[in-house]
Amino acid sequence: AVMAPGKKITARLKRTLPVRGPQAPTLSELMRWYCLNTNTHGCRRIVVSRGRLRRLLWILLTLSAVGLILWQCAELLMNYYSASVSVTVQFQKLPFPAVTICNINPYKYSAMKEYLSELDKETKKALETFYGFSEGKSKVRRSVDEWNSTGSNFFQQIPLLKVEDFSRMATDLHSGQKRKIEGSVFHKDSSIVNSGDSNDIIGFQLCDANNSSDCALYTFSSGVNAIQEWYKLHYMNIMAQIPLETKEKLSYSADDLLLTCFFDGLSCDKRHFTRFHHPLHGNCYTFNSGENGTILSTSTGGSEYGLQVVLYIDEADYNPFLVTSTGAKIIVHDQNEYPFIEDIGKEIETAAATSIGMHFTRSRKLSKPYSDCTETGADIPVENLYNKSYSLQICLHSCFQKAMVHSCGCAQYAQPLPAGAEYCNYKKNPNWMYCYYRLHEKFVKEQLGCQQICKDACSFKEWALTTSIAQWPSTVSEDWMLRVLSWDKGQKLNKKLNKTDLANLMVFYKDLNERFISENPANTLVILLSNFGGQLGLWMSCSVVCVIEIVEVFFIDSLSIVMRRQWQKAKKWWNDRKRGSSGKAPQASDVERQGHDNPVCIDEDLPTFTTALRLPLPQDSPLPRTPPPNYSTLRLETAFTEQLPDTLELGQH
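Here the sequence shown is numbered in the numbering used here, starting from 1 and rising by one per residue.
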């Protein structure tokens, strides 16, 4: 096809003009073009300013503005994931929480004597040896060696020792074998006092059953703590071997624990309580557990409209070595929560009226990305062993129990039993005590990873408790009240109850104000984009179109230029290789005859000679830019097949 003369000239100029704009051959030309055509005034002033000082000032101002924009935008992004806390107070009829009550003494000592007789005998021997304490005998202190030689094999496995010389502890008391003692390893309740007399320090050592030379020493500055810890260690081993049905019979029944009950001004009884067995506290009873599908509520605040119970403690049947305080433990919790009596239970005194006023608060936190909490615990890789709603305590205890089963081959007695596992005891797991203490040490030092895996719950309920105590019963009413309670208990009038066996408990709402604490996003996406636009307009007089332009030039076009240059180099290398293989030497005129396309020149108007002279020369093209013209192409081609008559006459004249 024959190209029109105007298009031919335009095509030739496009081959010779330097490339500008997004199709520029170099990055420097692209940046110069961007600065001259962008809407951000600072960049343009860098190029058009005259003088080095003024240009340097504009560079500093522009870079400072860019830095301020980045800083402010980073602050906006960080604040985007922040949350504001709002507190809402509502006045309404409130559901009454579940109240779990346990006797501090888990099992009746009279019923447990046949299981604990051996342990009690060895405990009494320890008291006689170390402190000269004996029942009905002279207080004659026996030597440690004599005591150990007469002790049973059960006690000799983990003896209770009085440290008279630390070097002596490194020698096995039975075989004389030297053992490796790690004195820096202590239980969570133990402590060592270097300032006191070392002869007063009592403790015990646990050794690896597979390596008798590897032992850990646990010392206590108080003999009371040492004896109790040692007793609990053997006590858990004994209780782990007793079936659950038997333990429920050995503990207190609802008739044993509850004497009177009132709720919301109406009488209640044991049918309103649900029993559950706690490994460390025996039979516990939960009021308003919601198991029957009904949750009681109260419409009026005050002590008269809450829960009022009188508890029978029976101090005379307490285990003297297991517990040293008298009373009951209670915990207020939601119906779907597990009552961790041993962690957050409150103790109730005997011979006193304990009033507990409650304030109810519901809290709701935002999950990711605002906080690291979990909604239901489904995203936590720890099995819930308690069959209750997720909480941080449930996760930590379940994680430790799983680690216990995995490391020691058996489960710890104080926590629920995982599927397929059994509780630890001497007969089947002779090494469990050493393994448990080692594992617990890692847990406290956060080396098991449980604290890193477990998260707080996003939603939770909390009852803030205020406790007040008064003497009960009073001196003037003590006689008749104890006689009536004794009659209700089914005893003879001449055998009235002792006030130290009773505890009066009242749990009630102080008011019906429900506080709801919730987190809300401090910023939305619309506010974030508006703040971004404000920062860009303030520091760079820039808009969204300007941002798109920056992305296009600095990322898309710059990458295109780099890739084009690499392609040209590869193409030149390939052509040189082909010429080398064919034996043809490259001609100098080949480079000179190469035209230069300029896609920018798309204007259909014919350029003039003056405008063509103003165009700059290409910087990276060898001279001459185009081959010499063929003079035959300079002849004008008319658009008409025949010459017009008037032009013919002019030619003749």
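Each residue gets a CB set at the ideal place from its N, CA and C atoms; glycine is no exception.
_Let's test the definition: count the other Cβ atoms within 10 Å of the Cβ of G306 and tell me whether it reaches 16, buried, or not, exposed._
Buried, by the Cβ-count rule.
*F340, DSSP secondary structure in three states*: In the three-state reduction of the DSSP assignment, F340 falls in the coil class, being assigned neither a helical nor a strand state.
*Helix, strand or coil for T300, going by three-state DSSP, please let me know.*
Correct three-state label for T300: coil.
*Pick out whichever of L244, A226, F321 and L250 has its Cα sitting closest to the Cα of D120.*
Among L244, A226, F321 and L250, the Cα nearest to that of D120 belongs to F321.
*Look at the Cβ atom of C458, then the Cβ atom of C399, and state whether they are nearer than 8 Å.*
No, the pair does not count as a contact, with Cβ atoms beyond the cut-off.
*With burial defined as no fewer than 16 other Cβ atoms inside 10 Å of the residue's Cβ, what is the status of Q452: buried or exposed?*
It counts as exposed.
_Suppose the cutoff is 6 Å on Cβ atoms and the five residues either side in sequence are ignored; what does the same chain contact list for R364 look like?_
Around R364: S459 and S518.
_Let's test the definition: count the other Cβ atoms within 10 Å of the Cβ of P369 and tell me whether it reaches 16, buried, or not, exposed._
Under this definition P369 is an exposed residue.
*List the whole-angstrom C-beta distance separating L116 from I238, where the pair is believed to meet the contact cut-off of C-beta under 8 Å.*
With a Cβ gap of about 7 Å, L116 and I238 count as contacting.
*Starting from Y131, trace the beta strand (DSSP E) both ways and give me its first and last residue.*
Note, Y131: premise wrong, no beta strand (DSSP E); alpha helix (DSSP H) at Y109 to Y131.
*asked:* If I measure Cβ to Cβ from D314 and keep anything under 6 Å in the same chain, skipping five residues before and after, which residues do I get?
replied: Here the set comprises D501.
*Can the beta-carbon of A98 be found closer than 8 Å to that of T286?*
With respect to the 8 Å criterion, A98 and T286 are classified as neighbours on the basis of their beta carbons.
*To which residues does DSSP link C424 through a beta bridge?*
As DSSP reads the structure, C424 sits in no beta bridge.
*Taking all protein chains shown into account, decide if A588 is buried (16 or more other Cβ within 10 angstroms of its Cβ) or exposed.*
Residue confidence is low: A588 scores 49 on pLDDT, short of 50, so the model does not pin down where it sits. Its coordinate-derived value is still stated next. Sixteen is the threshold: since fewer than 16 other Cβ atoms of the shown chains lie within 10 Å of the Cβ of A588, the residue is exposed.
_Residues near C373 by beta carbon distance below 6 Å, same chain, minus five either side_ = Closer than 6 Å at the Cβ level, and outside the excluded window around C373, lie K365, S367, K455, D456 and C458.
_Please classify F220 as buried or exposed, where buried requires at least 16 neighbouring CB atoms within 10 angstroms._
With 16 or more other Cβ atoms inside 10 Å of its own Cβ, F220 counts as buried.
*Have a look at L538, I469 and W33 and flag the residue whose alpha-carbon is nearest the alpha-carbon of C73.*
Looking at the Cα atoms, L538 is the closest of the given residues.
*Thinking C-beta only, is L497 closer than 8 Å to L482?*
Their beta carbons are under 8 Å apart, which means L482 touches L497 by this criterion.
_So, with DSSP's three-state summary, where would you put N211?_
Residue state, collapsed to three classes: strand.
*List the residues that DSSP assigns as beta-bridge partners of I469.*
Bridge partners of I469: T354.
_Under 8 Å between C-beta atoms of P339 and T100_ = Contact flag set, yes.
*Between the Cα of F263 and those of E291, H277 and G301, spot the shortest distance and give me the residue it belongs to.*
Ranking the options by Cα distance to F263, first place goes to G301.
_Taking the straight line between their C-alpha atoms, what separation do you get for R32 and Q535?_
Rounded to the nearest angstrom, the two C-alpha atoms are 25 Å apart.
_Option nearest F554 by Cα separation, candidates T26, K7 and A209_ = Considering only T26, K7 and A209, the residue with the shortest C-alpha distance to F554 is T26.
_Reduced DSSP category for Y231 - H, G, I as helix; E, B as strand; rest coil_ = The answer is helix: DSSP assigns Y231 an H, G or I state.
*Grab me the residues of V193's own chain with a C-beta within less than 8 Å of its C-beta, minus the 5 sequence neighbours each way, in chain order.*
Legend: pLDDT at V193 = 35, less than 50; position of this residue unreliable, no value from coordinates given.
*asked:* I need the DSSP call for E245, collapsed to helix, strand or coil.
replied: Three-state result, E245: helix.
*Does DSSP put N387 in a helix, in a strand, or in coil?*
Reduced to three states, the DSSP call for N387 is coil.
*Ends of the beta strand (DSSP E) at H277?*
Under the DSSP assignment, H277 falls in the beta strand (DSSP E) whose first and last residues are F273 to H278.
_On a Cα-Cα basis, can you pick out the residue from L559, C435, W480 and R579 that is closest to N211?_
Measuring from the Cα of N211, the nearest candidate turns out to be C435.
*Flag this pair as touching only if the segment 257-273 and the segment 63-73 have three or more C-beta atom pairs under 8 Å; answer yes or no.*
Counting Cβ pairs under 8 Å, fewer than three are found: no touch.
*From which residue to which residue does the alpha helix (DSSP H) around A254 run?*
A254 -> alpha helix (DSSP H) spans A254 to L257.
_Rounded to the nearest angstrom, what separates A111 and A378 at their Cα positions?_
Taking the straight line from one Cα to the other gives about 43 Å.
_Tell me the DSSP secondary structure of Q415 in three-state form._
Correct three-state label for Q415: coil.
*asked:* Given this structure, state the Cα-to-Cα distance separating G203 from A226, to the nearest angstrom.
replied: Their Cα atoms are separated by approximately 6 Å.
*Are Q241 and S289 close, meaning C-beta to C-beta below 8 Å?*
Not a contact, by the Cβ cut-off of 8 Å.
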